[in-house]
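Only one structure is covered here, and it is reproduced in the block below.
Chains as they are written, first to last, in the numbering used here: chain X, 21 to 455; chain E, 14 to 206.
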């Protein structure tokens with residue numbers, strides 16, 4: 021461990037006393053919790069995954085020469101091995117994360133392998149969504165019984181797959197949302213394990229899964245899906261700002277990244293005229309609209325995002341507004357304007373510009389180069405989008421590009437200078453040599 | 014300890030459920046296999062692949078559609094009960110279709126496919142047995158064997174399907190009475206000669 025090396029070095033140099041060294045060691049021991057060899061966990065899971073998938077492939081080869089009874093017995097072998105490993109883990113190795121994760125991973129794959137093999141032996145074509153649903157239902161309790169985060173991640177992958185396949189097979193995928201809630205329950209119950217890699221993976225998998233499957237709700241009233249998507253992105257952005265998650269590093273907080281990125285990407289797409297001109301011409305406003313899945317999804321997500329926004333702001337002292345937080349409310353207003361007026365496109369462009377400028381401001385305030393450059397990238401992306409608009413003059417576009425380019429240089433230079441002066445590595449700004 | 018008192022029985026119940034679902038699949042299909050009435054469906058096999066279940070030959074049946082008097086009664090995706098009989102050569106023949114489960118007749122529960130009306134209304138039928146899994150090395154040879162048999166109009170390819178109480182199991186696919194696995198093996202030997 022790097023810290024321990026440093027402690028030894030400081031101790032040898034006589035900078036800290038042995039007592040202080042011991043106290044620092046104790047602190048890190050307590051912080052890291054029970055020691056688990058991460059490499060063993062990773063290789064345990066990888067091993068279980070590869071063995072399980074290998075068994076599926078071997079069995080998929082289909083052994084024609086074996087009698088049906090033998091094939092049926094063989095079908096149960098992976099499942100029984102998986103169950104034995106999980107049982108052994110529960111009785112003898114309950115505290116070993118590596119055993120829990122690896123045996124659960126293997127059992128989940130074994131369930132899929134067994135069902136597949138029986139379908140193969142009896143030539144059952146079966147619907148793929150039904151097969152996935154059976155697999156999901158039989159795998160779900162493993163998450164809780166084995167307290168396995170890897171099982172939870174595999175479950176999220178399976179339900180996402182199920183949601184998409186249901187849509188492709190032209191059946192309803194609403195069950196996915198109930199299944200996702202079941203996954204969230206594990207996430208909430210075991211939040212004390214936050215900070216670990218599995219927690220980080222969940223922070224990415226859950227919002228990504230919801231973003232992917234929301235698209236399957238679309239039927240005939242597609243323009244409403246934009247409200248649903250912007251509200252979903254607003255909702256997950258705000259989840260990324262709740263106390264449990266907001267202190268995580270940005271790369272560990274998938275909610276924040278996906279919420280912000282999703283909102284910006286959608287708005288950039290809508291900064292062109294084609295959507296708005298279609299929206300004005302579209303005859304989707306029918307009597308059945310209120311019953312349409314798009315309307316229900318848009319309403320539920322908007323209400324959920326609004327409730328979280330209000331709750332968050334009531335408790336927040338001092339009051340501050342993050343760049344993406346209010347966008348879903350503003351977008352709804354713009355969308356309503358867009359039903360009748362072409363001015364909506366101007367407002368969307370202003371909204372993206374506003375998000376970019378506020379993000380730059382936030383980056384500058386937090387002395388965070390990443391956030392600052394993200395803000396600049398938003399503005400740049402907007403400028404690039406306008407580059408493709410034929411009704412803007414070349415001189416105007418050129419000035420925009422030059423301006424944003426200079427903005428990049430200036431903002432980064434200022435930030436680096438500020439950081440250096442704060443850390444005291446360089447003398448005050450007036451003595452910096454000018455090139 | 015208290016935790017274990019709940020967890021272990023819960024795990025035991027889960028294991029039972031995980032074993033019961035595949036067992037149930039097997040026992041229901043075994044009943045049909047052993048006690049079902051056998052029908053011979055004329056078919057055209059082709060050779061696709063399933064990521065989980067491996068190579069299979071897709072069965073496209075000659076008796077795959079039926080004409081009906083009223084198009085509005087049939088909705089794509091809904092269950093359709095197909096009453097089966099045999100033609101003069103002993104192959105399966107659709108006698109009638111119904112939306113209600115028939116009593117006493119030999120029937121199979123299928124899914125309504127496309128419903129199209131030209132001068133008459135035709136309903137396509139998706140049978141619950143359109144796959145026949147094969148060892149991966151033989152699936153392609155089986156397709157070759159079928160392609161050759163198709164050129165010879167005297168040869169007949171058919172699926173032997175057992176049917177009981179609406180459920181069905183494909184027991185074998187045969188070309189002129191010889192199991193397609195045997196024919197594929199013959200082709201394999203011929204290739205390596």
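Cβ atoms here follow ideal geometry from the backbone N, Cα and C, with glycine treated the same way.
Ranked by Cα distance from residue 195 of chain X, the options X/161, X/234, X/257 are led by X/234. Within chain E, no residue has its beta carbon less than 7 Å from that of residue 354 of chain X; the closest one is some 39 Å off. Assignment of residue 238 of chain X by DSSP, reduced to helix, strand and coil, places it in the coil class. Pairing residue 426 of chain X with residue 396 of chain X, the inter-Cα distance amounts to about 11 Å. Taking a Cβ-Cβ threshold of 7 Å, the residues of chain E close to residue 134 of chain X are 35, in chain order. For the pair residue 343 of chain X and residue 280 of chain X, the Cα-to-Cα distance works out to about 9 Å. Under the DSSP assignment, residue 243 of chain X falls in the alpha helix (DSSP H) whose first and last residues are 243-259. Straight-line measurement puts the Cα of residue 169 of chain X at about 46 Å from the Cα of residue 366 of chain X. Annotated as proximal: residue 278 of chain X and residue 256 of chain X, with beta-carbon spacing under 8 Å.
Contacts between residue 142 of chain E and chain X, judged by CB atoms closer than 9 Å, involve 143, 144, 145 in chain order. Judged by beta-carbon spacing, residue 70 of chain E lies within the 8 Å limit of residue 156 of chain E, meaning their Cβ atoms are closer than that value. Put simply, the backbone Cα of residue 333 of chain X is about 37 Å away from that of residue 187 of chain X. Residue 171 of chain X has a beta carbon lying at 8 Å or more from every beta carbon in chain E.
The C-alpha of residue 122 of chain E lies about 25 Å from the C-alpha of residue 88 of chain X.
What residue 20 of chain E touches in chain X, judged by beta-carbon distance under 8 Å, is 110, 165, going in chain order.
Assigned with DSSP and collapsed to three states, residue 344 of chain X falls in coil, not helix or strand. Not a single C-beta of chain E is nearer than 8 Å to the C-beta of residue 313 of chain X. Between residue 24 of chain X and the set X/39, X/36, X/45, the nearest pair of CA atoms involves X/45. The shortest C-alpha to C-alpha distance from residue 312 of chain X to any of X/248, X/350, X/252 is the one to X/248.
Listed along the chain, the chain E residues whose CB falls inside 7 Å of the CB of residue 154 of chain X are 34. Between residue 187 of chain E and chain X, the shortest Cβ-Cβ separation is not below 8 Å. Using a CB distance cut-off of 8 Å, residue 105 of chain X does not count as an interface residue toward chain E. Counting only runs of 4 or more residues that sit fully inside the region 108-180 of chain E, the alpha helix (DSSP H) segments are 149-164, in chain order. For residue 92 of chain E, the enclosing beta strand (DSSP E) starts and ends at 92-99. Across the region 168-181 of chain E, no CB contact with chain X closer than 8 Å is found for any residue. Residue environment: residue 331 of chain X is assigned as exposed (fewer than 16 neighbouring CB atoms within 10 Å of its CB, all protein chains considered). About 25 Å separates the beta carbon of residue 104 of chain E from that of residue 200 of chain E, a gap too long to meet the 8 Å contact definition. If you draw a straight line from the Cα of residue 428 of chain X to the Cα of residue 274 of chain X, it is about 26 Å long.
Identification of chain E residues near residue 96 of chain X by a Cβ-Cβ cut-off of 8 Å yields 32, 35, ordered along the chain. DSSP places residue 275 of chain X in the helix class (H, G or I) of the three-state scheme.
The contact set of residue 177 of chain X on chain E, defined by CB atoms closer than 8 Å, is empty, because the minimum CB distance reaches about 14 Å.
Measuring C-alpha to C-alpha distances from residue 99 of chain X to each of X/38, X/129, X/141, X/414 identifies X/129 as the nearest. For residue 144 of chain X, the secondary structure class from DSSP, reduced to helix, strand or coil, is coil. At least one C-beta of chain E is nearer than 8 Å to the C-beta of residue 158 of chain X.
About 24 Å separates the beta carbon of residue 162 of chain X from that of residue 92 of chain X, a gap too long to meet the 8 Å contact definition. Residue 169 of chain X: member of the alpha helix (DSSP H) spanning 169-188, first to last residue.
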